[in-house]
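Participant: Chains E and X, in that order, are what the protein sequence lines are. Going by the numbering used here, the first sequence opens with residue 1, and the numbers climb by one from there. Going by the numbering used here, the second sequence opens with residue 1001, and the numbers climb by one from there. Think of the CB as a built atom: it goes at the ideal place given N, C-alpha and C, for glycine as much as any other residue. Just dropping this structure here.
2 protein chains.
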Amino acid sequence: MKSGILKNKIIEIFKKFGVNKAHATISANALINAELVGAYGHGLARLKMYCDRISKKVINPRPKIKIKKISSSISHIDANNSIGFVAADIGIKTAIKHAQKTGIGMVAVKNSGHYGLSGYYAEQAVKKNLITMIYTNAPPAVAPHGALKSLFGTNPICFGTPTGSKIPFILDTSISMINRGKIRVAARKNLKIPKGVALDKYGNPTTDAKKALEGVQLPIAGFRGSGLAWMVDILSGVLTGGNHGGKVKDPFDDFSGPQNIGHLFITFKANLFQKNYNQRIKENIKTIKKLPKIKGVKEIMYPGQNKYKRFKENSKRDINISEIIKKDLEILNS
Amino acid sequence: MKSGILKNKIIEIFKKFGVNKAHATISANALINAELVGAYGHGLARLKMYCDRISKKVINPRPKIKIKKISSSISHIDANNSIGFVAADIGIKTAIKHAQKTGIGMVAVKNSGHYGLSGYYAEQAVKKNLITMIYTNAPPAVAPHGALKSLFGTNPICFGTPTGSKIPFILDTSISMINRGKIRVAARKNLKIPKGVALDKYGNPTTDAKKALEGVQLPIAGFRGSGLAWMVDILSGVLTGGNHGGKVKDPFDDFSGPQNIGHLFITFKANLFQKNYNQRIKENIKTIKKLPKIKGVKEIMYPGQNKYKRFKENSKRDINISEIIKKDLEILNS
């Protein structure tokens, strides 16, 4: 399907569920972007979930979002259980304004929900020549180091910077060995997941995606990854007023209340300390790309480069709609 | 040796090398702290290196450190090739002042050197009820993902927060599988290093510490760890005006010029958004500690907890001085 047509379809669906046109457009753009960058676990596979949560009154389609300005650099947003895309859009835009005015911006968001890809918001800041760091927490999926039970989300760490070229440097890495979205897609398609990335609910290694969803995802690098996940839970949950300590509800399975996810957006001018920042980072990337390569590696890629390539390629093509998604769209349109 | 006596010895040595008393004391305190927390790779094992670098005029014992205030929240420090401890001490103290005044502080440092443990500076901010994030780069030790040659340093990521108790949460994790300091200590003591943490200079796995020092350390989690290391190189080097892209010199082996390491200190008030932050984080930690544990695990520890325990225990005892260090002290005192 052409992405423009699909976008309008999604907007109409969200409007049917009571979301206003502006918020529906923000949400549709984020979902389409996920498809175009190949992050299918954050794309159309989630559309029905968002609508279900609106129906069950655990996402507020008409939120009264409050922005509390704490200083000329700092704001606190209460998203009033809006769909996460809308809260994050306001969050990053507020953080960008702060950084443009004072050099640095920090925006904490509470009472939000799953917002898709952190990198999508990072790109907005990077386009304004800002560096950005973004944190959000997620439902329990990863066991803290030493624990037998999941508690941390896949809690992504996101860092973006201009590169002096049109392809931004966007590191957007979850601290689990595999993204939960990828396991979800594999479960829907009855595909196996790699070895060593998850345990089943009894603590045994598994390559069965469905069993992995019931079990525990493993953090990267043992106590180091566990510590990074804990940091993200603190920055996005404890600090902001969002849920934390394993209290973020699974958006697909738990309709007993809103998620109350928290986000933290930090932004600052890339040329705060060095006027020729863009020149400096160009040299940095050039130096690293020139290193001798491992056999079979054609080019050393910086984070975000592959995603940009996929986006460019996919933008030329129609978006592939699986049978499952087709059915979702029919149900939601009916 | 009693830590007080050792401290005076170190101060006298630094003074002999032209460092003023205040700077010598800051440096001695940092070295002793590293010994007390059990981070021996950052302790006495480095004393002779610092003095050698002063003798060879690649550390400036009498630096004229310039602090340029960019805004009420942001400063840029040119450390004039001071010993790293002094630059970092001024850096964190400036960042603390900014955060206390405006809620958030950011301080970039250039023309500095190796400063020991990031966590040591994080503790200073946490004691003032601030959250802090600290980045610094280091000489090439880790190969970027896809490359056959080291370029990134072990580039630690440091995050600290108050916990509402006397033991701070200090995550201070290098992005390599093993700290370079630990390999250095193993090499000096002729001990083996674990499997899977390093390659020799030909790209083969090795457990020989000396061969690992000539070779490549492996990043945590493949491209994820490589991306985090790259982020740290950008934040501490490209952004600040410090060296980057593999240009930081090895302090032990390369006396051809100053290191020009960069540091970045970010600080903000823990209770910016939630007045009861300390209560919230207490609950967070309590929840995680209550999780069912893996067999053999007595307690789920948060980052910094073990280090604090070692500090308390070691503070009651004399500091153990190895034969190699004894010789160093004799040479430096003669």
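Beta-carbon within less than 7 Å of residue 1049 of chain X's beta-carbon, same chain only, minus the 5 sequence neighbours each way: which residues are those?
Facilitator: On the second sequence, position 49 is the one that residue 1049 of chain X refers to. Within the same chain, residue 1049 of chain X has close Cβ partners 1251 and 1252.
Participant: Is there at least one Cβ from chain E nearer than 9 Å to residue 1076 of chain X's Cβ?
Facilitator: Taking the second sequence and counting its residues from 1, one reaches residue 1076 of chain X at position 76. Yes, its Cβ sits closer than 9 Å to a Cβ of chain E.
Participant: Report yes if the C-beta distance between residue 14 of chain E and residue 24 of chain E is below 9 Å; otherwise report no.
Facilitator: Taking the first residue of the first sequence as position 1, residue 14 of chain E is located at position 14. Taking the first residue of the first sequence as position 1, residue 24 of chain E is located at position 24. Yes, the pair counts as a contact, with Cβ atoms nearer than the cut-off.
Participant: Run through the stretch 162-250 of chain E for me and flag every whole alpha helix (DSSP H) of 4 or more residues, listed as ranges in chain order.
Facilitator: Whole alpha helix (DSSP H) segments, 4+ residues: 180-188, 209-214 and 223-233.
Participant: What is the DSSP secondary structure of residue 135 of chain E, counted as helix, strand or coil?
Facilitator: As a first step, residue 135 of chain E must be located in the first sequence, where it is residue number 135. Note: residue 135 of chain E maps to strand in three-state DSSP.
Participant: Quick one: Cα of residue 97 of chain E to Cα of residue 109 of chain E, how far?
Facilitator: Here the question's residue 97 of chain E lines up with position 97 in the first sequence. Here the question's residue 109 of chain E lines up with position 109 in the first sequence. So the two alpha carbons sit approximately 16 Å from each other.
Participant: Going along the chain, which residues of the stretch 1144-1160 of chain X sit with their C-beta nearer than 7 Å to a C-beta in chain E?
Facilitator: Within the stretch 1144-1160 of chain X, the qualifying residues are 1144, 1146, 1147, 1148, 1149, 1151 and 1159.
Participant: Provide the residue(s) that pair with residue 1147 of chain X in DSSP beta bridges, ordered along the chain.
Facilitator: Position 147 of the second sequence holds residue 1147 of chain X. Answer is E:293, bridged to residue 1147 of chain X.
Participant: What are the residues of the stretch 204-224 of chain E that lie near chain X, defined by any Cβ-Cβ distance shorter than 7 Å?
Facilitator: Within the stretch 204-224 of chain E, the qualifying residues are 220, 221 and 224.
Participant: Looking only at its own chain, which residues have a Cβ that is under 8 Å from the Cβ of residue 1186 of chain X, when we skip the five neighbours before and after it?
Facilitator: Position 186 of the second sequence, counted from the start, is the residue given in the question as residue 1186 of chain X. Hits under 8 Å: 1192, 1193 and 1209.
Participant: List, in order along the chain, the chain X residues whose C-beta lies closer than 7 Å to that of residue 173 of chain E?
Facilitator: Mapped onto the first sequence, residue 173 of chain E falls at position 173. The answer, in chain order, is 1224 and 1227.
Participant: Are residue 203 of chain E and residue 145 of chain E close, meaning C-beta to C-beta below 9 Å?
Facilitator: Reading the first sequence from its first residue, position 203 is the one you call residue 203 of chain E. Reading the first sequence from its first residue, position 145 is the one you call residue 145 of chain E. It is not a contact, given that the beta carbons lie outside the stated cut-off.
Participant: Rounded to whole angstroms, what is the Cα-Cα separation between residue 1154 of chain X and residue 1248 of chain X?
Facilitator: Residue 1154 of chain X sits at position 154 when you count from the first residue of the second sequence. Residue 1248 of chain X sits at position 248 when you count from the first residue of the second sequence. When rounded, the distance between both Cα atoms is 12 Å.
Participant: When you compare each of E:170, E:121 and E:58 to residue 86 of chain E by their alpha carbons, which one comes out closest?
Facilitator: Position 86 of the first sequence, counted from the first residue, corresponds to residue 86 of chain E. If we check each option's Cα against that of residue 86 of chain E, E:121 comes out closest.
Participant: For residue 196 of chain E, which residues in the same chain have their Cβ closer than 8 Å to its Cβ, ignoring the five residues on either side in sequence?
Facilitator: For the purposes of this step, residue 196 of chain E is taken as the residue at position 196 of the first sequence. Answer for residue 196 of chain E: 177, 205 and 218, listed in chain order.
Participant: Could you give the C-beta distance for residue 262 of chain E and residue 241 of chain E, rounded to a whole number, given that I count them as a contact under 8 Å?
Facilitator: What you label residue 262 of chain E is simply residue 262 of the first sequence in a count that begins at 1. What you label residue 241 of chain E is simply residue 241 of the first sequence in a count that begins at 1. Right, their Cβ atoms sit about 7 Å apart.
Participant: Along the stretch 1268-1280 of chain X, where does the CB come closer than 8 Å to a CB of chain E? Name the residues.
Facilitator: Those would be 1268, 1270, 1272, 1273, 1274, 1277 and 1280, in chain order.
Participant: Name the residue from X:1161, X:1327 and X:1225 whose alpha carbon lies nearest to the alpha carbon of residue 1267 of chain X.
Facilitator: Taking the first residue of the second sequence as 1, we reach residue 1267 of chain X at position 267. The residue with the shortest Cα to Cα distance from residue 1267 of chain X is X:1161.
Participant: If we call anything under 9 Å between Cβ atoms a contact, is residue 143 of chain E one with residue 216 of chain E?
Facilitator: Stepping through the first sequence from its first residue, residue 143 of chain E is reached at position 143. Stepping through the first sequence from its first residue, residue 216 of chain E is reached at position 216. In contact: residue 143 of chain E and residue 216 of chain E (Cβ atoms closer than 9 Å).
Participant: Would you decide whether residue 305 of chain E is buried or exposed? Buried here means 16 or more other CB atoms lie within 10 Å of its CB.
Facilitator: Taking the first sequence and counting its residues from 1, one reaches residue 305 of chain E at position 305. Buried: at least 16 other Cβ atoms inside 10 Å.
Participant: Write down the C-beta distance between residue 1061 of chain X and residue 1126 of chain X rounded to the nearest angstrom, noting that I regard them as a contact closer than 8 Å.
Facilitator: Numbered from 1 along the second sequence, position 61 holds the residue referred to as residue 1061 of chain X. Numbered from 1 along the second sequence, position 126 holds the residue referred to as residue 1126 of chain X. At roughly 30 Å, the Cβ-Cβ gap does not stay under 8 Å, so residue 1061 of chain X and residue 1126 of chain X are not in contact.
Participant: Taking Cβ-Cβ distances below 8 Å as the criterion, which residues of the stretch 81-101 of chain E are in contact with chain X?
Facilitator: Residues passing the 8 Å Cβ filter: none.
Participant: Considering only residues of the same chain and omitting the five flanking positions on each side of residue 265 of chain E, which have a CB-CB separation below 6 Å?
Facilitator: The residue you call residue 265 of chain E lines up with position 265 of the first sequence. Contacts found: 91, 92, 95, 107 and 134.
Participant: Spatial neighbours of residue 1003 of chain X within its chain, please: C-beta separation below 6 Å, excluding the five flanking residues on both sides.
Facilitator: Along the second sequence, one-based indexing puts residue 1003 of chain X at 3. Around residue 1003 of chain X: 1032 and 1319.
Participant: For residue 1328 of chain X, count neighbouring C-beta atoms within 10 Å of its own C-beta (all shown protein chains included) and say buried if the count is 16 or more, exposed if not.
Facilitator: Position 328 of the second sequence, counted from the start, is the residue given in the question as residue 1328 of chain X. When all chains shown are included, residue 1328 of chain X counts as buried.
Participant: Residues in its own chain within less than 6 Å of residue 1337 of chain X by CB, not counting five upstream and five downstream?
Facilitator: No answer is possible for residue 1337 of chain X: the residues shown for chain X start at 1001 and end at 1334.
Participant: Residue 1124 of chain X: buried (16+ other C-beta within 10 angstroms of its C-beta) or exposed?
Facilitator: Reading the second sequence from its first residue, position 124 is the one you call residue 1124 of chain X. By the 10 Å Cβ count, residue 1124 of chain X comes out buried.
Participant: Looking at the unbroken beta strand (DSSP E) that takes in residue 76 of chain E, where does it start and where does it end?
Facilitator: Position 76 of the first sequence, counting from 1, holds the residue named residue 76 of chain E. Element bounds for residue 76 of chain E: 74-78.
Participant: Are residue 239 of chain E and residue 1272 of chain X touching if we call contact CB-CB under 9 Å?
Facilitator: Taking the first sequence and counting its residues from 1, one reaches residue 239 of chain E at position 239. Taking the second sequence and counting its residues from 1, one reaches residue 1272 of chain X at position 272. Going by C-beta atoms, residue 239 of chain E is nearer than 9 Å to residue 1272 of chain X.
Participant: Considering only the alpha carbon of each residue, which of X:1074, X:1053 and X:1082 lies closest to residue 102 of chain E?
Facilitator: As a working mapping, residue 102 of chain E is identified with position 102 in the first sequence. Comparing Cα positions, the closest option is X:1074.
Participant: For residue 1108 of chain X, go through chain E and note every residue whose CB falls closer than 8 Å to its CB, in chain order.
Facilitator: Along the second sequence, read from residue 1 onward, the residue named residue 1108 of chain X stands at position 108. Simply 272 and 273.
Participant: List the residues that DSSP assigns as beta-bridge partners of residue 1158 of chain X.
Facilitator: Position 158 of the second sequence, counted from the first residue, corresponds to residue 1158 of chain X. In the DSSP output, where bridge partners are listed per residue, residue 1158 of chain X has X:1134 and X:1172.
Participant: Relative to the C-alpha of residue 149 of chain E, which residue among X:1022, X:1291 and X:1005 is closest?
Facilitator: Taking the first residue of the first sequence as 1, we reach residue 149 of chain E at position 149. Nearest option by C-alpha distance: X:1291.
Participant: Grab the span of the beta strand (DSSP E) containing residue 1111 of chain X for me, first residue to last.
Facilitator: Indexing the second sequence from 1 puts residue 1111 of chain X at position 111. First-last of the beta strand (DSSP E) with residue 1111 of chain X: 1104-1112.
Participant: By the criterion of Cβ-Cβ separation under 8 Å, what are the contact partners of residue 293 of chain E in chain X?
Facilitator: Indexing the first sequence from 1 puts residue 293 of chain E at position 293. Those within 8 Å of residue 293 of chain E in chain X are 1146, 1147 and 1148.
Participant: Would you identify the three-state DSSP class for residue 1321 of chain X, choosing helix, strand or coil?
Facilitator: Translated into the one-based positions of the second sequence, residue 1321 of chain X becomes position 321. The answer is coil: DSSP assigns residue 1321 of chain X none of H, G, I, E or B.
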